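Engineer:
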Amino acid sequence: MPPSNTLIRYHHPELPIPAALMLLAGLVLTSGSYAQPASSIDDYLNMDLSELMQTRITGSHISAANASPTGPITLIDRDTIVRTGATSLEALLQRLPLSAGYAGNQSNAYWAVNGNGSTHVNLRGLGINRTLVLLDGHRLANGGTGANAAVDLNAIPLALVERIEIFRDGASAIYGADAVAGVVNIITRTGLAGGEASVRYGETSQQDGAEQATQISWGTRGEQGSLLLNLSHFESDAVNMADRAPCGLGEVAGELTCVDSGNTIGGRARLANGQRVNFNQTAGGDGDFYEPYSASKHNFNANSYLNAVNPIARFSLSGKGEYRFDEQTRLTSTLIYTKRDSEQLASPGTLGTNRPISLAADHPTNPTGQALVLERRRLLEAGTRDFYQDVNYYYGLIGLEGAFNDLWHWQTAINWSRNTGTDGWTNVANLDRVEQSLDTSICSNAPGASIPCGDYLGYGDLSQELLDFLMLDTTDHGGNEQQSLSANLNGELMQVPAGALMLATGLELRRDKAWRTPDPLNRAGIANNNPQEPVMGQLEAIEGFIEAQVPLVNRLRGIESLELSTAVRYSDYDQFGDTTNYKLGLNWQLTPSLQVRTNLASAFRTPNIPELFSGTQVLFQITRDPCSNWSNLPSSSAVYQNCLADGVPANFQQLTTSIPTTLGGNADLKPEEAQTRTLGIQWQPAFAVPLTLSLDYFNISIDEAIVTIDGNTRLAACYNSTLLSLPFCGDRHFTRNPNSGDVNFLSTRLMNAAQEEQEGIDIGVFSEFAVGSWQARLDWESSYLRSYEIQLYQQAPKTEYAGKVTSGRGSYLQWRSLARLTLERGDWSGAYSVQYLDSGKQLGAPPEAIGARQESITYHHVQLQYQASQALQLALGIDNLFDQRAPYVASWLDVNTDTMTYDVAGRRGYITARLTW
Numbered sequence: 000m001p002p003s004n005t006l007i008r009y010h011h012p013e014l015p016i017p018a019a020l021m022l023l024a025g026l027v028l029t030s031g032s033y034a035q036p037a038s039s040i041d042d043y044l045n046m047d048l049s050e051l052m053q054t055r056i057t058g059s060h061i062s063a064a065n066a067s068p069t070g071p072i073t074l075i076d077r078d079t080i081v082r083t084g085a086t087s088l089e090a091l092l093q094r095l096p097l098s099a100g101y102a103g104n105q106s107n108a109y110w111a112v113n114g115n116g117s118t119h120v121n122l123r124g125l126g127i128n129r130t131l132v133l134l135d136g137h138r139l140a141n142g143g144t145g146a147n148a149a150v151d152l153n154a155i156p157l158a159l160v161e162r163i164e165i166f167r168d169g170a171s172a173i174y175g176a177d178a179v180a181g182v183v184n185i186i187t188r189t190g191l192a193g194g195e196a197s198v199r200y201g202e203t204s205q206q207d208g209a210e211q212a213t214q215i216s217w218g219t220r221g222e223q224g225s226l227l228l229n230l231s232h233f234e235s236d237a238v239n240m241a242d243r244a245p246c247g248l249g250e251v252a253g254e255l256t257c258v259d260s261g262n263t264i265g266g267r268a269r270l271a272n273g274q275r276v277n278f279n280q281t282a283g284g285d286g287d288f289y290e291p292y293s294a295s296k297h298n299f300n301a302n303s304y305l306n307a308v309n310p311i312a313r314f315s316l317s318g319k320g321e322y323r324f325d326e327q328t329r330l331t332s333t334l335i336y337t338k339r340d341s342e343q344l345a346s347p348g349t350l351g352t353n354r355p356i357s358l359a360a361d362h363p364t365n366p367t368g369q370a371l372v373l374e375r376r377r378l379l380e381a382g383t384r385d386f387y388q389d390v391n392y393y394y395g396l397i398g399l400e401g402a403f404n405d406l407w408h409w410q411t412a413i414n415w416s417r418n419t420g421t422d423g424w425t426n427v428a429n430l431d432r433v434e435q436s437l438d439t440s441i442c443s444n445a446p447g448a449s450i451p452c453g454d455y456l457g458y459g460d461l462s463q464e465l466l467d468f469l470m471l472d473t474t475d476h477g478g479n480e481q482q483s484l485s486a487n488l489n490g491e492l493m494q495v496p497a498g499a500l501m502l503a504t505g506l507e508l509r510r511d512k513a514w515r516t517p518d519p520l521n522r523a524g525i526a527n528n529n530p531q532e533p534v535m536g537q538l539e540a541i542e543g544f545i546e547a548q549v550p551l552v553n554r555l556r557g558i559e560s561l562e563l564s565t566a567v568r569y570s571d572y573d574q575f576g577d578t579t580n581y582k583l584g585l586n587w588q589l590t591p592s593l594q595v596r597t598n599l600a601s602a603f604r605t606p607n608i609p610e611l612f613s614g615t616q617v618l619f620q621i622t623r624d625p626c627s628n629w630s631n632l633p634s635s636s637a638v639y640q641n642c643l644a645d646g647v648p649a650n651f652q653q654l655t656t657s658i659p660t661t662l663g664g665n666a667d668l669k670p671e672e673a674q675t676r677t678l679g680i681q682w683q684p685a686f687a688v689p690l691t692l693s694l695d696y697f698n699i700s701i702d703e704a705i706v707t708i709d710g711n712t713r714l715a716a717c718y719n720s721t722l723l724s725l726p727f728c729g730d731r732h733f734t735r736n737p738n739s740g741d742v743n744f745l746s747t748r749l750m751n752a753a754q755e756e757q758e759g760i761d762i763g764v765f766s767e768f769a770v771g772s773w774q775a776r777l778d779w780e781s782s783y784l785r786s787y788e789i790q791l792y793q794q795a796p797k798t799e800y801a802g803k804v805t806s807g808r809g810s811y812l813q814w815r816s817l818a819r820l821t822l823e824r825g826d827w828s829g830a831y832s833v834q835y836l837d838s839g840k841q842l843g844a845p846p847e848a849i850g851a852r853q854e855s856i857t858y859h860h861v862q863l864q865y866q867a868s869q870a871l872q873l874a875l876g877i878d879n880l881f882d883q884r885a886p887y888v889a890s891w892l893d894v895n896t897d898t899m900t901y902d903v904a905g906r907r908g909y910i911t912a913r914l915t916w
């Protein structure tokens, strides 16, 4: 897609700035961080021929004046970024048709997987850890509160971004690990001469969810180099869940009704005779009252104690500089610091979820006369909880690059990125103290007692003295760090009959570290949270690559040009050995207006540090043993034969369903392996200039995908297989007591077992034209997911995800589309965008169930800009113009919809003022 001709060309005064640049470089060196930049669109407009020869496009290390993409690329330039009104990279990227599945945002950053306030991009829905995110062509450390799986987009201020290039193909041969679904290369700004400041304010039509963003940039540029400094701040308010969804919905008797949560405030218990009862739920009521439990009467509506959109605050300080020693050699540096504070509101905690509470019939607080188990008791008296994160990101890079013989260009760079985080929970019950408050031999009802007695049967019976004794805050610490050293060389190797044979080669050394230290009370299972184990580990890699672009034919009948692109990358990891990945591609220019391109590439994803080094723990989990009563089965059945061969005693019967199960990371994991295929056509018809039409087919297959297989599935699959032949059926995965036959060890740790395959097409339309006296530009991208099959393990049935909305993984709608129309005339301009999401079906839901199908939905966004003066620009925008409401999704508790796919905030407007000087 050609760059927009609406970009403004600035005059850059020629100012000597070596002192300022060296000061920035000194700051970078002092902090132990280093840099290498990439050119921006403004630079392209000001390049002479020698500079243009160094132009590099994402997806290749080769620089050339006539560089063309070696695969399908999506480009988002700065003008488009500004016109979206986006305040974060996450908001910008997750709107693209390429995005699917799970990726954290303000609507789901706690309740979703990996929820820690981090935000991500998930190309094709293949996973946030299968999309490689680069900054100016260089890697960043994963981000969050410690031992995280992917880059946190919060780390990069949007005000610093010049453009984003998305390479929609596997690229491990070019960039190494994790480039399975594609590569998102974020190019930072350069060349600002003068200053720029902007202020933005927005809120929803319900006057909540306010957003405030401010940024100021200053730059200078001259013959000896350039310098850019930026200061950015963003802050948003919450949107309460009850204001968007008054209650949790469910289907009852064929109708949607409020079903709410079974974690009741009075306490739900099961008596010795099997009856389920609920205790007093009225403050000041009869503390001994109880009655049969009724969901419609006793369940708790938690929505007012939760947020549909969570608040976040970001502060960033960044600098980018360049110093030219001569026409061919320059020093570059980049430094970014970002601080992120985020929190997610959580409803009052519930006893009984992490540790059972049993009361004898004669316990003084038990009015039933029977022994009971308190299944759930929500501690409403203690109030809401907060899950919070305080994260600091640091990124630094310094590089040296140059040229020789006017044909070869070299780059060296050292970069360092790190984030440290503190996260925790407020208002959490200490489970040991709960038990102590029920032990009448040590607790007391006397005022000032060191261990107050507690009565948990009935709302309002918990004294403030008891709550002060029970409730605590937990604090966890962690971080991620990456260091790398790279050296690249590229240029013209020789002239062949069809043109110049271009070559690139390079080396990279990289070390990744990650750690997470849970609060001791979380680790010990004392705090009323999910137990956690510490994580500590590192990975080291040495990589080398070679890449070539070979012109095969030039200007023959039917072949304007034919070029072969190829690359090989060797990667050696200290943890799991080496791997070699390749790429083969053909660019066939049939005519000046018609091009066909195809690529075949291998790719891989390395297990990340938490997958490898998360601590293990043993929990007793409910698991069915297939060998129970196996000798009563037909002797020809697989279960009979496998149980017999495994030495399970005849007439064995499983007497307890709780099996000791080992969970956690697995240091024996190997990289996932992938193969990608693309075939595309691009047409720029001569009769309609400028118009570009593109169609790209993609197929991605992944082997040895890393998954967790639960105990029930493992045992059932093993004993139904042929001769216990599955890879997780050996003694490393489960064992039995040789005397009783009971399973005495069962591992559900991560393993390489799954297979995935996905295919579809991308469609692109780009055009510039006149509408009367208005200049118009149309960008329209669509993506169609034909199939996405996942097989959990060999011989398992395949699950089709295409067209489905999942529970916890987001959606895989078949069609997604985004069209933007931009109009300009004089001082006025505007942008109108339409985002289409196809209909979907709830994965695993009965077809007749309410919420089993979601209708298609279309969001409309509009922005109007006015150039009030040469220095002042004003913009007014509205997102979700027609206030489209998210559809009901049966398996989602939060806001009754898929918060990873649909907009839950509703219509929201904003105004922006931008000043330049």
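According to numbering that gives the first Met the number 0, the sequence shown holds residues 0 to 916 in order. No residue lacks a Cβ here, since even glycine has one placed at the ideal position from N, Cα and C. Note that the structure is predicted; figures quoted are calculated from it, not measured.
Within 10 angstroms of the Cβ of T677, are there 16 or more other Cβ atoms? Answer buried if so, exposed if not.
Structural biologist: Counted from its first residue, the sequence shown places residue 677 at position 678. T677 is buried by the Cβ-count criterion.
Engineer: Tell whether a beta-carbon distance below 8 Å holds between S855 and L875.
Structural biologist: For this step, residue 855 is matched to residue 856 along the sequence shown. For this step, residue 875 is matched to residue 876 along the sequence shown. It is not a contact, given that the beta carbons lie outside the stated cut-off.
Engineer: For W409, would you say it is in contact with chain B, using Cβ-to-Cβ distances shorter than 8 Å as the test?
Structural biologist: Considering every chain present, this structure includes no chain B. It has just one protein chain.
Engineer: Using the rule of at least 16 other Cβ atoms within 10 Å of the residue's Cβ for burial, across every protein chain shown, is W424 buried or exposed?
Structural biologist: In the sequence shown, the residue the question calls residue 424 occupies position 425. Buried.
Engineer: How many angstroms separate the CA atom of R884 from the CA atom of D667?
Structural biologist: As a working mapping, residue 884 is identified with position 885 in the sequence shown. As a working mapping, residue 667 is identified with position 668 in the sequence shown. Roughly 46 Å separates the two Cα atoms.
Engineer: Would you mind stating whether P366 and D287 have Cβ atoms separated by less than 8 Å?
Structural biologist: By one-based count along the sequence shown, residue 366 stands at place 367. By one-based count along the sequence shown, residue 287 stands at place 288. Contact flag set, yes.
Engineer: According to DSSP, which residues form a beta bridge with W415?
Structural biologist: Working through the sequence shown from its first residue, we reach residue 415 at position 416. According to DSSP, which records beta bridges pairwise, W415 is partnered with G395 and Q482.
Engineer: On the DSSP letters alone, give me the boundaries of the beta strand (DSSP E) that A704 sits inside.
Structural biologist: Here residue 704 corresponds to residue number 705 of the sequence shown, with the count starting at 1. Residues L690 to V706.
Engineer: Go through the stretch 462-540 residue by residue and report every complete run of the beta strand (DSSP E) that reaches 3 residues or more, in order.
Structural biologist: Counting only runs of 3 or more, we get 470-495 and 498-516.
Engineer: Given A282, which residues of its chain have a CB within under 7 Å of its CB, disregarding the five upstream and five downstream residues?
Structural biologist: Within the sequence shown, the letter at position 283 stands for residue 282. Excluding positions up to five away in sequence, the list reads Y458 and G459.
Engineer: Which of the three DSSP states, helix, strand or coil, is assigned to E788?
Structural biologist: Here residue 788 refers to the residue found at position 789 of the sequence shown. Reduced to three states, the DSSP call for E788 is strand.
Engineer: May I ask you to report which of helix, strand or coil DSSP gives V647?
Structural biologist: As a position in the sequence shown, residue 647 is number 648, starting the count at 1. Coil at V647, not helix or strand.
Engineer: What first and last residue would you give for the alpha helix (DSSP H) that runs through D135?
Structural biologist: Within the sequence shown, residue 135 is the residue found at index 136, counting from 1. No alpha helix (DSSP H) contains D135, which DSSP labels as neither H nor E.
Engineer: Taking the straight line between their C-alpha atoms, what separation do you get for P846 and R852?
Structural biologist: For the purposes of this step, residue 846 is taken as the residue at position 847 of the sequence shown. For the purposes of this step, residue 852 is taken as the residue at position 853 of the sequence shown. So the two alpha carbons sit approximately 8 Å from each other.
Engineer: Counting only runs of 3+ residues fully inside the stretch 264-332, write out the beta strand (DSSP E) ranges in chain order.
Structural biologist: Correct list: 267-270, 275-278, 289-291, 306-308 and 311-323.
Engineer: Contact between the stretch 434-444 and the stretch 517-532: three or more CB pairs below 8 Å?
Structural biologist: They do not touch, by the three-pair rule.
Engineer: Assuming G208 contacts Y909 under a Cβ cut-off of 8 Å, what Cβ separation, rounded to an integer in Å, is found between them?
Structural biologist: In the sequence shown, counting from the first residue as 1, residue 208 sits at position 209. In the sequence shown, counting from the first residue as 1, residue 909 sits at position 910. Actually they are not in contact, since the Cβ atoms of G208 and Y909 sit about 11 Å apart, beyond 8 Å.
Engineer: My understanding is that G490 touches W407, with C-beta atoms under 8 Å, so please give their C-beta distance in whole angstroms.
Structural biologist: Sequence index remark: in the sequence shown, residue 490 carries index 491 (1-based). Sequence index remark: in the sequence shown, residue 407 carries index 408 (1-based). At roughly 3 Å, the Cβ-Cβ gap stays under 8 Å, so G490 and W407 are in contact.
Engineer: Bridge partners for P659 per DSSP, in chain order?
Structural biologist: Working through the sequence shown from its first residue, we reach residue 659 at position 660. F619.
Engineer: Under a three-way DSSP split, which group does H10 fall into?
Structural biologist: The residue you call residue 10 lines up with position 11 of the sequence shown. Note that H10 has pLDDT 31, beneath the 50 cutoff, so the model's placement of it is unreliable and the number below is only indicative. DSSP places H10 in coil when its eight states are reduced to three.
Engineer: In three-state DSSP terms, what is G825?
Structural biologist: As a position in the sequence shown, residue 825 is number 826, starting the count at 1. Three-state DSSP puts G825 in coil, outside helix and strand.
Engineer: Report, in whole angstroms, the separation of the C-beta atoms of Y865 and W916, which I expect to be a contact under 8 Å.
Structural biologist: Residue mapping note: residue 865 aligns to position 866 of the sequence shown, counting from 1. Residue mapping note: residue 916 aligns to position 917 of the sequence shown, counting from 1. Not confirmed; about 18 Å, so no contact.
Engineer: What are the boundary residues of the alpha helix (DSSP H) that includes A212?
Structural biologist: The count along the sequence shown starts at 1 and reaches residue 212 at position 213. No alpha helix (DSSP H) holds A212; the beta strand (DSSP E) holding it covers E210 to G221.
Engineer: Going by C-alpha to C-alpha distance, which of F233, S782 and G802 sits closest to Q834?
Structural biologist: Locating residue 834 in the sequence shown gives position 835, counting from the first residue. Among F233, S782 and G802, the Cα nearest to that of Q834 is on S782.
Engineer: Checking 8 Å against the spacing of the C-beta atoms, do A146 and W514 come in under that value?
Structural biologist: Locating residue 146 in the sequence shown gives position 147, where the first residue counts as 1. Locating residue 514 in the sequence shown gives position 515, where the first residue counts as 1. Their beta carbons are under 8 Å apart, which means A146 touches W514 by this criterion.
Engineer: From the DSSP secondary-structure annotation, give me the bridge partner or partners of M240.
Structural biologist: As a position in the sequence shown, residue 240 is number 241, starting the count at 1. According to DSSP, which records beta bridges pairwise, M240 is partnered with nothing at all.
Engineer: Apart from the five residues on each side of it in sequence, which residues of its chain come closer than 6 Å, Cβ to Cβ, to Y901?
Structural biologist: As a first step, residue 901 must be located in the sequence shown, where it is residue number 902. Excluding positions up to five away in sequence, the list reads A885.
Engineer: With a 10 Å radius around its C-beta and 16 neighbouring C-beta atoms as the bar for buried, classify P606 as buried or exposed.
Structural biologist: Here residue 606 corresponds to residue number 607 of the sequence shown, with the count starting at 1. When all chains shown are included, P606 counts as buried.
Engineer: Determine the DSSP secondary structure at Y718, reduced to helix, strand or coil.
Structural biologist: As a working mapping, residue 718 is identified with position 719 in the sequence shown. In this structure, Y718 counts as helix in the three-state DSSP scheme.
Engineer: Per the contact definition of three or more C-beta pairs closer than 8 Å, is the stretch 620-632 in contact with the stretch 645-661?
Structural biologist: They touch, by the three-pair rule.
Engineer: Given a cut-off of 8 Å on the beta-carbon distance, is the pair P347 and V372 in contact?
Structural biologist: Sequence index remark: in the sequence shown, residue 347 carries index 348 (1-based). Sequence index remark: in the sequence shown, residue 372 carries index 373 (1-based). No.
Engineer: Helix, strand or coil: how does DSSP classify A381 here?
Structural biologist: By 1-based counting over the sequence shown, the position of residue 381 is 382. Helix at A381.
Engineer: To the nearest angstrom, how far is the alpha carbon of R313 from that of L74?
Structural biologist: For the purposes of this step, residue 313 is taken as residue 314 along the sequence shown, with counting starting at 1. For the purposes of this step, residue 74 is taken as residue 75 along the sequence shown, with counting starting at 1. Rounded to the nearest angstrom, the two C-alpha atoms are 26 Å apart.
Engineer: In this structure, what does DSSP give as the bridge partners for P451?
Structural biologist: For this step, residue 451 is matched to residue 452 along the sequence shown. BP columns for P451 point to S443.
Engineer: So the candidates are S592, I80, P625 and N598; which of them puts its Cα closest to the Cα of P689?
Structural biologist: Position 690 of the sequence shown, counted from the first residue, corresponds to residue 689. When only C-alpha atoms are compared, the closest one is S592.
Engineer: Around the Cβ of N650, are there at least 16 other Cβ atoms within 10 angstroms (buried) or fewer (exposed)?
Structural biologist: Start at 1 with the first residue of the sequence shown, and residue 650 comes out as number 651. Classification for N650: exposed.
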